[in-house]
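Numbering (the numbering used here), first residue to last: -10 to 914. Notes to accompany the following structure.
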């Protein structure tokens, strides 16, 4: 009671602040004591009031005054907080990068720096992140920078990890991946980001005076090494693409003389060299490479202070002054010639490319053989800059020098059981394989190509060997002849993939292994090399005139079958596809169909800058043509080329030169009349100045770049089964009566409804395939689909869809009497104007066709000094073509001398003459 009273009495009058209430039981109410705390507790006990309640009553005004006097000012709190230095919060150390981040913050704490006004979580955190990224990036390369005299600033060497002699990016040293080299672009980005941070107002504060100069030093290091990389790369590129050697006696070799010294002045390191020269005669050279120290600085001092007891001449590369003394120049020249023969030769990359390109036209010579020939014939002493490739070259050079194939051992022969338990079975197996290779297999084998496997399976091989053993030893076999299991027989083969872990279990006892039949055989053509050179000339022509040239590669893919009552697979080799968990991806188990689609690919090739660039980049256009009503013909291809050109160059000018590269099918063969007429139509309709059409050699369509697109196109056709829509009952009955394509076309001509409904039944399929195809990409370029050229598009004057002149109508500008169905070479001879155009504007060869525009006027040099005429003025030529060939003053009624009947129209015609007809002239009429 006294303690509580003391605490309360400090604030004022106790009697006024404490009220005392009493009661006997809980059921009674509280009764207030008048005297309060001064009441007698013993009296209360006598009266039976055993429960006492004290109520403290505070004075509100008194409490407010007291609390206000001791409460701190809010403004002072804000000011103190604004002046307090704060650093970004540390992150959880999941890796060494986070550890570097935290140690930089610890370093700033030790320097007693920070940010105020809450900018530590914005500007401060951004600065620490940028500094961490810069230090992390150069961490594995500190020794490289130190070798260029770029030392890490002292402040950052105080980081905890560096103080312990460790590095942050330990993965760089422990991993087996390719080591990341310093990049000029990355260094420039890091330095510029740090410059942005330290250019902010907080960096000029005095508290940062110890840190900012160190950061500036780091930025300077990043900038200098970035500039060093730029200059080094530029100089190396200049050397690599130079046609002259970087180091040769002809461009930077020097020779100077060193006078003799007294014998007592000869230094000890030159004694061995001086003794060697004492045994040599005059003008005999000595290679001193073996006497030079290994260290670069010591080697420099050795050459700088070189002086022997004999006067000597030093011939070296990259030296300074040259002294001229009168000596025997003939002996000196002979000595230099011998030295030149022994000097190593260094060729640049461009010099090596020039040699390899020169002999790349030779057939069946691989690039590896060409490089080896180049090293052997030229004596090129240049080595690969990559250390791994350099070691491989040394090993290969040793193997070729020794010419001993047993230098390599196959340790897999040590695998397996080495007992003699199955020797009888193994010997009979070896005999069986030898017989297969020498006798039976020869009938179906060519070189290393085998057209039939040695045996059906391991089980079949085991049974065959057992039967052979029974023939020799009798049936049943003796008990001492053991037969291995199928698995143990299989492990005696060579491994299919020697790099897998399972390969260690194979013994390689038999030189056989499992292989899948590869469909890679190609039929040889005598003109293959000629056509390959022709294609190379075409590519080099496109490179030379790439800004005016469009190069197109076109080809048709195999037909896609369309089912009738059941869905048929597209015929593409399938792989695993994404389907619903409980669904089944299925198609019909047969492939006999009447309807099909023909995918046509038009590949606009992006022409590279040089012949070594890739010709497999560009835009791909695909169309799915109805095989029945839209067959692949030359005139249809030309029409679709023009459609694709219009789409490709919709927002730019169409190039004046068009180059086509296709396979040698009947719709692309350049010596066919139909193909020539189609190309001339394309040439005229597109208003080109020059058109090249080149085709592949027979059976060599794989050289066509459009073939590369087919593998990508297969992705859109994998796992797809197609079925046409149903037609009317009448059309279904008519369609069921025909089988071949010719019969279907004849029936469609008789019944137009059948043709229209057949086209509508596959329209949905074409839309599905177009949608899937347009989702494909070739090197980030999406495929585009276009509608095939219908017969109406080909024959009408204008396309309703593309609003352009017809491809076919343009050929009638050459010869209006031409009949489009007469396109054979024999039939084309009946059209002299067409033949004249081909002879004057075209060049036709077996594998190429060229059409060029001759409607150009002569050059000034050719017409200068001649009389100017208007005979080639277009309007004058047109008026002369429309005018009569005789003077108008003769064509009057007074000049009519006779009448004749036209043998074609049987109409009466007038005979005009300025004079009366003679008897002979009348007889002629």
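Built from N, CA and C at the ideal position, the CB exists for glycine as well.
Secondary structure of residue i, DSSP reduced to three states
i           : result
residue 588 : strand
residue 654 : coil
residue 419 : helix
residue 875 : coil
residue 412 : helix
residue 182 : helix
residue 908 : helix
residue 545 : strand
residue 915 : Since the displayed the chain opens at -10 and closes at 914, residue 915 lies outside it and no answer follows.
residue 719 : helix
residue 881 : coil
residue 263 : helix
residue 832 : strand
residue 898 : strand
residue 540 : strand
residue 863 : helix
residue 524 : helix
From the options, residue whose alpha carbon lies closest to that of residue i
i           : options            : result
residue 278 : 304, 269, 298      : 304
residue 451 : 466, 105, 472      : 472
residue 718 : 742, 735, 728      : 742
residue 77  : 448, 84, 93        : 93
residue 338 : 698, 647, 230, 646 : 230
residue 217 : 137, 142, 682, 801 : 137
residue 878 : 740, 903, 11, 40   : 903
residue 256 : 881, 182, 292, 74  : 292
residue 33  : 12, 553, 578       : 12
residue 201 : 226, 97, 851, 511  : 97
Euclidean distance between Cα positions of residue i and residue j
i           : j           : result
residue 410 : residue 491 : 24 Å
residue 568 : residue 575 : 11 Å
residue 548 : residue 711 : 13 Å
residue 660 : residue 821 : 18 Å
residue 282 : residue 264 : 18 Å
residue 751 : residue 713 : 5 Å
residue 562 : residue 763 : 20 Å
residue 194 : residue 187 : 11 Å
residue 537 : residue 546 : 30 Å
residue 297 : residue 272 : 16 Å
residue 111 : residue 219 : 34 Å
residue 897 : residue 864 : 33 Å
residue 818 : residue 624 : 20 Å
residue 894 : residue 595 : 58 Å
residue 901 : residue 807 : 33 Å
residue 164 : residue 123 : 21 Å
Residue burial classification, residue i (beta-carbon count within 10 angstroms, cutoff 16)
i           : result
residue 614 : buried
residue 413 : buried
residue 693 : buried
residue 875 : exposed
residue 312 : The predicted model places residue 312 with a pLDDT of 40, which falls under 50 and marks its position as unreliable; any figure quoted below should be read in that light. Residue 312 is exposed by the Cβ-count criterion.
residue 314 : For residue 314, the predicted structure reports a pLDDT of 45, less than 50, and the residue's modelled location is therefore unreliable. A value from the coordinates is still provided. Answer is exposed; the Cβ neighbour count stays below 16.
residue 485 : exposed
residue 104 : buried
residue 475 : exposed
residue 445 : exposed
residue 551 : buried
residue 17  : exposed
residue 588 : buried
DSSP bridge partner residues for residue i (one or two, in chain order)
i           : result
residue 608 : 593
residue 244 : 304
residue 86  : Paired residues: none, contrary to the question.
residue 40  : 12
residue 147 : Paired residue(s): none; residue 147 is not in a bridge.
residue 517 : Per DSSP, none; premise fails for residue 517.
residue 683 : 650, 837
residue 771 : 766
Residue i beta carbon near the ligand ZN (any heavy atom closer than 6 Å)
i           : result
residue 267 : Judged by which ligands are present, the structure shown has none, so any question about the ligand ZN falls away.
7 Å Cβ cutoff, residue i in contact with chain B
i           : result
residue 282 : The displayed structure is made up of one protein chain only, and chain B is not part of it.
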